[in-house]
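K.L.:
Chains as they are written, first to last, in the numbering used here: chain W, 19 to 129; chain Y, 19 to 129. For glycine and all other residues, C-beta sits at the position ideal for the given N, C-alpha and C.
Number of protein chains: 2
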Amino acid sequence: MEPKFNLWIERDGVVVLSAWRVTLLEAIDAAGSISAAAEQLNIPYRRAWEKVQEIESGLGYRVLDTAVGGPGGGGAHLTPAGREAMARFRRFAEGFDVEVRQRYTAAFSAD
Amino acid sequence: MEPKFNLWIERDGVVVLSAWRVTLLEAIDAAGSISAAAEQLNIPYRRAWEKVQEIESGLGYRVLDTAVGGPGGGGAHLTPAGREAMARFRRFAEGFDVEVRQRYTAAFSAD
Numbered sequence: 019m020e021p022k023f024n025l026w027i028e029r030d031g032v033v034v035l036s037a038w039r040v041t042l043l044e045a046i047d048a049a050g051s052i053s054a055a056a057e058q059l060n061i062p063y064r065r066a067w068e069k070v071q072e073i074e075s076g077l078g079y080r081v082l083d084t085a086v087g088g089p090g091g092g093g094a095h096l097t098p099a100g101r102e103a104m105a106r107f108r109r110f111a112e113g114f115d116v117e118v119r120q121r122y123t124a125a126f127s128a129d
Numbered sequence: 019m020e021p022k023f024n025l026w027i028e029r030d031g032v033v034v035l036s037a038w039r040v041t042l043l044e045a046i047d048a049a050g051s052i053s054a055a056a057e058q059l060n061i062p063y064r065r066a067w068e069k070v071q072e073i074e075s076g077l078g079y080r081v082l083d084t085a086v087g088g089p090g091g092g093g094a095h096l097t098p099a100g101r102e103a104m105a106r107f108r109r110f111a112e113g114f115d116v117e118v119r120q121r122y123t124a125a126f127s128a129d
């Protein structure tokens with residue numbers, strides 16, 4: 019047997035941030051577009067796009083800066099506030115795996 | 019915004035115990051039958067029954083003692099091992115909500 023956990027942040031009962039959403043946003047930032055990240059993560063573009071809308075709606079600010087055209091050909095990148103939100107979520111979640119495992123061992127080890 | 023979490027225990031990718039399953043088993047124990055507990059929790063009998071099977075299969079022992087007939091009219095009650103498993107899961111999960119909230123505040127408070 020093994021312990022499992024999930025952590026996320028909601029607003030009014032709707033998910034705003036989760037480890038998966040952070041992965042999605044960072045994939046978009048690295049790939050430069052929602053469509054490329056969606057392909058990498060093997061999810062429909064529409065789903066990726068909807069998640070971004072939910073994140074921005076929940077946080078109340080833009081997390082992606084989607085430039086159109088220009089010398090670099092445009093692209094989607096994290097805004098400074100978006101980058102900050104990612105860092106905060108990572109800080110929130112950091113070390114929980116160790117904590118959960120320790121709790122599990124303490125509670126379920128033969129004694 | 020508010021932090022949320024879920025904790026559970028799996029075996030080979032299948033859920034064995036969770037807070038909800040502990041609630042279910044304790045409701046069965048209190049009500050004296052799977053059907054009465056299922057009605058209380060507003061879930062189909064079949065679903066409750068299947069969860070009990072999954073729990074027992076995952077743990078590898080009986081958590082419910084289902085007596086048939088007798089002076090008390092039979093009924094389903096936690097076995098000593100089942101009661102022990104419930105206590106261990108509660109110990110595993112105890113105080114985790116506080117921990118999650120503290121980490122959330124630390125990570126997301128304005129600073």
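1) Please say whether ALA37 of chain W and ILE6 of chain W have beta carbons closer to each other than 7 Å?
2) Which same chain residues, not among the five before or five after LEU43 of chain Y, have their C-beta less than 8 Å away from its C-beta?
3) Assess contact between the segment 21-32 of chain W and the segment 57-70 of chain W, defined as three or more Cβ pairs (one per stretch) separated by less than 8 Å. Is contact present?
4) If you follow the beta strand (DSSP E) that VAL32 of chain W is in, where does it begin and where does it stop?
5) Output yes if chain Y places a C-beta closer than 7 Å to the C-beta of ALA125 of chain W; else output no.
6) Please list, in chain order, the chain W residues whose beta carbon lies closer than 7 Å to that of MET104 of chain Y.
7) Could you tell me which of W:ASN60, W:GLY76 and W:ALA94 sits nearest to ALA48 of chain W, measuring between CA atoms?
8) Please list the terminal residues of the continuous beta strand (DSSP E) segment that includes THR84 of chain Y.
9) Nearest by alpha-carbon distance to ALA134 of chain Y: which of W:ARG108, W:TYR79 and W:GLN120 is it?
10) On the criterion of 16 or more Cβ atoms from any shown chain inside 10 Å, does SER75 of chain Y qualify as buried, or is it exposed?
11) Taking just the CA atoms, how far does VAL33 of chain Y sit from LEU59 of chain Y?
12) Check for me: the beta strand (DSSP E) holding ILE27 of chain W runs from which residue to which?
13) Whole angstroms are fine: how far does the CA of GLY78 of chain Y sit from the CA of THR41 of chain W?
14) Looking only at its chain, what residues have a beta carbon closer than 7 Å to the beta carbon of ARG119 of chain Y, apart from the 5 residues adjacent to it on each side?
15) Straight-line CA distance for ARG106 of chain Y to GLU117 of chain Y?
16) Could one say the Cβ of ASN60 of chain Y lies closer than 7 Å to chain W's Cβ atoms, at least one of them?
17) Let's see if you can read the secondary structure: which residues bound the beta strand (DSSP E) around GLY93 of chain W?
18) So which residues of chain Y does ILE27 of chain W contact, with C-beta pairs closer than 9 Å?
19) Between which two residues does the alpha helix (DSSP H) carrying SER127 of chain Y extend?
20) By Cβ distance, which residues of its chain are closer than 7 Å to ARG29 of chain W, with the 5 residues on each side in sequence left out?
P.N.:
Reading off the structure:
1) There is no way to answer for residue 6 of chain W, as the model of chain W reaches only from 19 to 129.
2) VAL70, ILE73, VAL81, LEU82, LEU96, GLY100 and MET104
3) no
4) 32-36
5) yes
6) Neighbours of MET104 of chain Y on chain W: none; closest Cβ ~11 Å, over 7 Å.
7) W:ALA94
8) 82-85
9) Any property of residue 134 of chain Y remains undetermined from this structure, which presents chain Y solely from 19 to 129.
10) exposed
11) 19 Å
12) 20-29
13) 36 Å
14) PRO21
15) 18 Å
16) no
17) 93-96
18) MET19, GLU20, PRO21, LYS22, TYR122 and PHE126
19) Run containing SER127 of chain Y: none; DSSP gives neither H nor E here.
20) GLY76
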